[in-house]
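Report on the structure given below.
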Amino acid sequence: MATPVYFGLGAPELIIILLIPLLLFGANKLPKLSKSIGESAKGLRKGLSDDTEAKEDDSTKTSKKKS
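Position in the sequence shown (first residue = 1) + 86 = the working numbering.
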């Protein structure tokens, strides 16, 4: 059975990459770090969707003015 390859990396490389944050930050800080990263990603997605909605609103207002 073959090991799946992600971005040209095998299982040993992925394990090493996953262990680096554990060694750098310690087991106690990883949950807090993960939560912080998740909240940041959520805020970024919300900001991007708000920006898209604002652009759509501006374009509909502009098209109504032209009519």
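Heads up, the beta-carbon is just placed ideally off N, CA and C, and yes, glycines get one too.
Inside the region 95 to 129, DSSP marks whole alpha helix (DSSP H) runs of 4 or more residues at positions 97 to 111, from first to last along the chain. One alpha carbon belongs to Glu139, the other to Arg131, and they sit about 12 angstroms apart. The C-beta distance from Leu105 to Leu116 rounds to 11 angstroms, too long to fall under 8 angstroms, and the pair is not in contact.
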